[in-house]
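Residue numbers (my numbering): 14 to 254. To start, the structure itself, in structure tokens.
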Amino acid sequence: MSIKDDAQRAHKNLLGETESDTIDRINHFAFDEVQKDVDLPDRTKMLSTLAYLLGCQGVEEYEIMLPVALDNDVNPVEAKEVLYQAIDYLGLGRVMPFFKVTNEIMTARGIKLPLESQTKTTMDNRLEEGEKTQIHLFGPQMKDFAKRGTINKWLVDNCFGDYYTRGGLDDRDREMITFCYLAAQGGVEPQLLAHAKANIGLGNDKEFLTKIVLQNEPFIGYPRSLNAISVVNQAAKELEK
Numbered sequence: 014m015s016i017k018d019d020a021q022r023a024h025k026n027l028l029g030e031t032e033s034d035t036i037d038r039i040n041h042f043a044f045d046e047v048q049k050d051v052d053l054p055d056r057t058k059m060l061s062t063l064a065y066l067l068g069c070q071g072v073e074e075y076e077i078m079l080p081v082a083l084d085n086d087v088n089p090v091e092a093k094e095v096l097y098q099a100i101d102y103l104g105l106g107r108v109m110p111f112f113k114v115t116n117e118i119m120t121a122r123g124i125k126l127p128l129e130s131q132t133k134t135t136m137d138n139r140l141e142e143g144e145k146t147q148i149h150l151f152g153p154q155m156k157d158f159a160k161r162g163t164i165n166k167w168l169v170d171n172c173f174g175d176y177y178t179r180g181g182l183d184d185r186d187r188e189m190i191t192f193c194y195l196a197a198q199g200g201v202e203p204q205l206l207a208h209a210k211a212n213i214g215l216g217n218d219k220e221f222l223t224k225i226v227l228q229n230e231p232f233i234g235y236p237r238s239l240n241a242i243s244v245v246n247q248a249a250k251e252l253e254k
């Protein structure tokens, strides 16, 4: 099967009877036209879509697309890592409903929970390891960032020490999904710009990030997609200087 076949069938089953006038157009655009025009590996498409749906709070669509992702090159550990990392960018209040959906879907598919732990830090070294990760992603200017205030310390030990250091996804995956959370929620353009630059620095270049935005336009619409592309262009231009 494929993203196209799996996703079109799921949407047709859900909306075919009540939205017969539009379901063919919805399916054609999101899963024929976009999938044809955006040249990315299926795994990358699906990881980004899960992150986008978390970012825009699309829990019903996430419930449709998580099985599609699991059938198209995303393994359970990777899907869970997208969920866990979202906590620091969206907040526990917005992520909690997705835990219930994810666990129900995985259990129904015979996936034994909890999954193997991907935690790589301890409570004693999370600050140190978080700083190493932050410096790797954003540069030497992040040295002693944790000393600049309480929330700065939390960013180092919690966001980077607790989550970015985990297994299951590599640095490029993690920066890509962070970009997706931010692009989807909107209103956080300074952070989106910083993470667009971090992505480019890791090899997720302007062309790649633009494709990520295009892949997910059907899920968040044109205004936020256009804003995200503008930020990607700005990041690339600033890094050229």
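Yeah, the Cβ is synthetic: ideal placement off N, Cα and C, and Gly gets one too.
Taking isoleucine 77 as the reference, give the member of Asp50, Lys25 and Gln131 with the closest Cα. Looking up residue 77 in the sequence shown gives position 64. Checking every option, the nearest Cα to that of isoleucine 77 belongs to Lys25.
Nearest to glutamine 70 (by Cα), restricted to the options Phe44, Gly199, Asn171 and Pro89: Looking up residue 70 in the sequence shown gives position 57. That would be Gly199, whose Cα lies nearest to the Cα of glutamine 70.
Return the chain-ordered ranges of every alpha helix (DSSP H) run that is complete within the segment 66 to 90 and spans a minimum of 4 residues. Within the segment 66 to 90, the complete alpha helix (DSSP H) runs of at least 4 residues are 72 to 83.
Which same chain residues, not among the five before or five after asparagine 217, have their C-beta less than 6 Å away from its C-beta? Locating residue 217 in the sequence shown gives position 204, counting from the first residue. Residues of the same chain with a CB within less than 6 Å of the CB of asparagine 217, apart from the 5 flanking positions on each side, are Arg185 and Met189 in chain order.
Could you pull out every residue in the same chain whose Cβ sits closer than 8 Å to the Cβ of lysine 166, ignoring the five residues on either side in sequence? Your numbering for residue 166 matches position 153 in the sequence shown. Correct list, in chain order: Leu140, Ala159 and Lys160.
Just how far apart, CA to CA, sit valine 87 and methionine 59? As a working note, residue 87 is residue 74 in the sequence shown. As a working note, residue 59 is residue 46 in the sequence shown. If I take the Cα positions, the gap works out to 7 Å.
Taking buried to mean at least 16 other C-beta atoms within 10 Å of its own C-beta, is alanine 248 buried or exposed? Here residue 248 corresponds to residue number 235 of the sequence shown, with the count starting at 1. Flag for alanine 248 reads buried.
Under 8 Å, do asparagine 240 and tyrosine 65 count as touching if we go by C-beta distance? Along the sequence shown, read from residue 1 onward, the residue named residue 240 stands at position 227. Along the sequence shown, read from residue 1 onward, the residue named residue 65 stands at position 52. Going by C-beta atoms, asparagine 240 is not nearer than 8 Å to tyrosine 65.
Would you identify the three-state DSSP class for leucine 206, choosing helix, strand or coil? Numbered from 1 along the sequence shown, position 193 holds the residue referred to as residue 206. Helix at leucine 206.
Contact set for leucine 222: own chain, Cβ-Cβ below 7 Å, skip 5 residues either direction: Taking the sequence shown and counting its residues from 1, the one referred to as residue 222 is at position 209. Cβ within range, chain order: Phe192, Ala209, Asn212 and Val245.
Going by Cα to Cα distance, which pick from Glu74, Met119, Lys93 and Ser238 is closest to alanine 196? As a position in the sequence shown, residue 196 is number 183, starting the count at 1. For the residues Glu74, Met119, Lys93 and Ser238, the minimum Cα distance to alanine 196 belongs to Ser238.
For glycine 143, which residues of its own chain have a beta-carbon under 6 Å away from its beta-carbon, when the five flanking residues on both sides are left out? Residue numbering aside, residue 143 sits at position 130 when the sequence shown is read from its first letter. So the qualifying residues of the chain are Val169, Asp170, Phe173 and Gly174.
So, does the segment 19 to 38 touch the segment 79 to 86, judging by three or more C-beta pairs under 8 Å? The answer is yes - the segment 79 to 86 touches the segment 19 to 38, with three or more Cβ pairs under 8 Å.
Let me make sure I understand the geometry here. Which of Gly181, Leu28 and Leu126 has the alpha-carbon closest to that of glutamate 73? Locating residue 73 in the sequence shown gives position 60, counting from the first residue. Checked all of Gly181, Leu28 and Leu126; the closest Cα to glutamate 73 is Leu28.
Please list the terminal residues of the continuous alpha helix (DSSP H) segment that includes isoleucine 148. Here residue 148 refers to the residue found at position 135 when the sequence shown is read from its first residue. Isoleucine 148 -> alpha helix (DSSP H) spans 139 to 151.
For leucine 105, three-class secondary structure by DSSP: Numbered from 1 along the sequence shown, position 92 holds the residue referred to as residue 105. In the three-state scheme derived from DSSP, where H, G and I count as helix and E and B as strand, leucine 105 is classed as helix.
Through-space distance from isoleucine 39 to serine 33, alpha-carbon basis: Walking along the sequence shown from the start, residue 33 turns up at place 20. Walking along the sequence shown from the start, residue 39 turns up at place 26. Rounded to the nearest whole angstrom, the CA to CA distance from serine 33 to isoleucine 39 is 10 Å.
Proline 236, DSSP secondary structure in three states: Position 223 of the sequence shown holds residue 236. Three-state result, proline 236: helix.
Keeping to the same chain, check which residues put their C-beta closer than 7 Å to that of leucine 252; ignore five residues upstream and five downstream. Here residue 252 is taken as the residue at index 239 of the sequence shown, counted from 1. Same-chain partners within the cutoff: Lys210 and Ile213.
Beta-carbon spacing of tyrosine 75, phenylalanine 44 below 8 Å: Translated into the one-based positions of the sequence shown, residue 75 becomes position 62. Translated into the one-based positions of the sequence shown, residue 44 becomes position 31. No; because the gap between Cβ atoms is not below 8 Å, this pair is not in contact.
Contact belief for glycine 68 with tyrosine 194 at Cβ below 8 Å, rounded distance in angstroms: Position 55 of the sequence shown, counted from the first residue, corresponds to residue 68. Position 181 of the sequence shown, counted from the first residue, corresponds to residue 194. So it is a contact: roughly 4 Å between Cβ atoms.
What's the call for arginine 187, buried or exposed, on a 16-neighbour Cβ count within 10 Å? In the sequence shown, counting from the first residue as 1, residue 187 sits at position 174. Its Cβ being crowded by 16 or more others within 10 Å, arginine 187 is buried.
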